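Residue numbers (this note's numbering): 223 to 406.
Ideal Cβ positions, reconstructed from N, Cα and C, are used throughout, including at glycine.
Please read these numbers as outputs of a predicted model, since none were measured by experiment.
Below: one structure, written as structure tokens.
Printed below as a string of structure tokens:
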């Protein structure tokens, strides 16, 4: 049997809870929360700059890679508290003058490899039965939006897909979408 390519919302919640035991809890909680709720690729996550944020309007500019469509997302009530908590803690970090949102312990931009390692470690701490990797958070976002009944075209735009064939995997597996079709 193939390994699942996404994390469930419960597993993500367990990972975020596990960050409370980490050395960089504010950063790591924000990192995984932002990655999930905005369907970010790991390179997109590591590439976020402070200038991509507008805290007054509660929006974030998402610079998509792999020829994706960049866009602006709202910072929701699920994300905003984690972000503001991290930004407050970030002031004390070495390299706080750097443009990157997420800093490493040495003050540079957090690398893809560091994010992979952090997620693997927190997955173990959370007692997950699978080994998580960052792209599982992006897939989790797509499946969660489909489970909430979000239109496929909107999910396509939200994830920055140019071609809808990359988006339909999330909605095609959602049996919930068939409930009520005959009730109209």
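Practice item. Report the rounded CA-to-CA distance for residue 309 versus residue 318, giving the unit in angstroms. Key: Locating residue 309 in the chain shown gives position 87, where the first residue counts as 1. Locating residue 318 in the chain shown gives position 96, where the first residue counts as 1. So the two alpha carbons sit approximately 10 Å from each other.
Point to revise | Start-end ranges of the alpha helix (DSSP H) lying completely within the segment 269-317, minimum 4 residues | key: Counting only runs of 4 or more, we get 302-312.
Check your understanding: In its own chain, which residues sit with a C-beta less than 6 Å from the C-beta of residue 283, not counting the 5 before and 5 after it?
Key -> For the purposes of this step, residue 283 is identified with residue 61 of the chain shown, where counting begins at 1. Excluding residues within five positions, the ones whose Cβ falls inside 6 Å are 274, 294.
Point to revise | For residue 362, three-class secondary structure by DSSP | key: Within the chain shown, residue 362 is the residue found at index 140, counting from 1. In this structure, residue 362 counts as helix in the three-state DSSP scheme.
Review point. With a CB to CB cut of under 6 Å and the five nearest residues on each side skipped, what residues in its chain are close to residue 267?
Key: Locating residue 267 in the chain shown gives position 45, where the first residue counts as 1. The residues are 257.
Exercise for review: Determine the burial state of residue 352: buried for a count of at least 16 other Cβ atoms within 10 Å of its Cβ, exposed for fewer.
Suggested key: Indexing the chain shown from 1 puts residue 352 at position 130. Per the 10 Å Cβ criterion, exposed.
Point to revise | Runs of beta strand (DSSP E) lying entirely within the segment 326-394, each at least 3 residues, in chain order | key: When DSSP assignments are scanned along the segment 326-394, no uninterrupted stretch of beta strand (DSSP E) that is 3 or more residues long falls wholly within it.
Point to revise | residue 254, enclosing alpha helix (DSSP H) - first and last residue | key: Numbered from its first residue, the chain shown carries residue 254 at position 32. Here the alpha helix (DSSP H) through residue 254 covers 247-259.
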